[in-house]
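Those letters in the sequence shown? Residues 1 to 55, by this note's numbering. From the three backbone atoms N, C-alpha and C, an ideal C-beta is built for every residue, glycine too.
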Amino acid sequence: MVKVIIVNEADEAIGEMEKMEAHEKGILHRAFSIFVFNRRGEMLLQQRAHDKYHS
Numbered sequence: 001m002v003k004v005i006i007v008n009e010a011d012e013a014i015g016e017m018e019k020m021e022a023h024e025k026g027i028l029h030r031a032f033s034i035f036v037f038n039r040r041g042e043m044l045l046q047q048r049a050h051d052k053y054h055s
């Protein structure tokens, strides 16, 4: 079980919720992305797992 930080429209933390529940209900929560570049400026792209759920 993975929990996420629930936020309001001002990005203020207001609680926690299970990740799947937040996605199912469309609840605003914190997330992040990482961009990896090599010395030539090429960006690494990771392919999403075929069986990964889609919200």
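Which listed residue (the options) has its alpha carbon closest to that of residue i
i   : options              : result
E18 : G26, L45 and E42     : G26
H23 : R48, D11 and I5      : I5
A10 : Y53, F35, K3 and H29 : H29
L45 : E21, I34 and Y53     : I34
E21 : D51, G41 and K3      : K3
Coil, strand or helix - residue i by DSSP
i   : result
K52 : coil
F37 : strand
V2  : coil
Own chain residues within Cβ distance below 6 angstroms of residue i, not counting five before or after
i  : result
N8 : I14
In chain order, which alpha helix (DSSP H) runs of at least 4 residues are fully inside the segment 6-31? 19-25
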